[in-house]
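Number 590 in the working numbering belongs to position 43 of the sequence shown; there are no gaps in the numbering. One structure is given here, and the rest of the page talks about it.
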Amino acid sequence: MPRTAQSAYLHVLQGNPNNKTKKELSRRIHNEERMQVSAENMKPPFGISAGAEKEFKRIVKLFKPTQLFNEADVAELAMYCDLLMEYKACNTRLKKHGREKDGKPSPDIRLKMQLSQQIDRLARNLGLTPTARASMAINAKDEEVDDDEDF
Numbered sequence: 548m549p550r551t552a553q554s555a556y557l558h559v560l561q562g563n564p565n566n567k568t569k570k571e572l573s574r575r576i577h578n579e580e581r582m583q584v585s586a587e588n589m590k591p592p593f594g595i596s597a598g599a600e601k602e603f604k605r606i607v608k609l610f611k612p613t614q615l616f617n618e619a620d621v622a623e624l625a626m627y628c629d630l631l632m633e634y635k636a637c638n639t640r641l642k643k644h645g646r647e648k649d650g651k652p653s654p655d656i657r658l659k660m661q662l663s664q665q666i667d668r669l670a671r672n673l674g675l676t677p678t679a680r681a682s683m684a685i686n687a688k689d690e691e692v693d694d695d696e697d698f
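Written out as structure tokens, the structure reads:
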């Protein structure tokens with residue numbers, strides 16, 4: 548299974564374990580800096596439900612100090628929130644009408660399973676699960692690395 552791409556800064560912090568040339572590392576660092584996206588306009592897109600919009604705002608507010616999301620993530624975060632609201636609606640229908648319809652399993656059961664898989668995939672991509680955040684913390688860029696220990 549291939550490894551996920553790592554930041555050039557992380558390569559430098561780890562002592563360049565992949566033996567990249569200085570030229571290649573500096574090129575990658577420059578490209579990563581150019582690709583930084585603003586997080587100033589984190590508003591929910593037009594057309595999502597009111598519940599999805601509320602969840603979008605809640606997540607953005609919750610993760611604002613971490614600088615985890617930026618404007619490039621708006622569409623994926625909106626999709627996550629929209630799927631989450633659809634999942635909740637499906638759950639409500641199952642509670643109201645039951646798990647069986649005419650002796651057969653309700654179609655909402657299959658829909659609920661599909662939605663849960665999609666929600667889980669998006670949550671991992673966005674860093675909303677504990678394991679995804681732990682992985683991101685391991686690979687995070689340190690603000691300032693101080694290797695000098697004072698005893």
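All C-beta atoms in this analysis are idealised placements derived from N, C-alpha and C, irrespective of residue type, glycine included.
Fill in: C-alpha gap between M626 and D649, whole angstroms
33 Å
Worksheet entry | Segment contact, 8 Å Cβ cut-off, at least three pairs: the region 609-623 with the region 640-655 | no
Worksheet item: Under the three-state reduction of DSSP, which class applies to K567: helix, strand or coil?
Response: coil
Practice prompt. Go through its chain and collect everything with a Cβ distance to L641's Cβ below 6 Å, but skip five positions before and after it.
Written response: D655
Worksheet item: For E647, which residues does DSSP report across the bridge?
Response: P652
Item to complete: Name the residue from R574, E579, R581, F610 whose alpha carbon lies nearest to the alpha carbon of M589.
Response: F610
Worksheet entry | Proximity test, I606 beta-carbon vs the ligand SAH heavy atom, cut-off 7 Å | With respect to the ligand SAH, the structure offers nothing, as it holds no ligand at all.
Worksheet item: Where Q661 and D629 are concerned, what is the direct C-alpha to C-alpha distance, given to the nearest angstrom?
Response: 14 Å
Worksheet entry | Where N588 sits in the DSSP three-state scheme | coil
Worksheet item: Is F610 helix, strand or coil by DSSP?
Response: helix
Worksheet item: Is K604 near P591, with beta carbons less than 8 Å apart?
Response: yes
Fill in: Own chain, CB closer than 8 Å to E602, minus 5 neighbours either side, in chain order
C628, L631, M632
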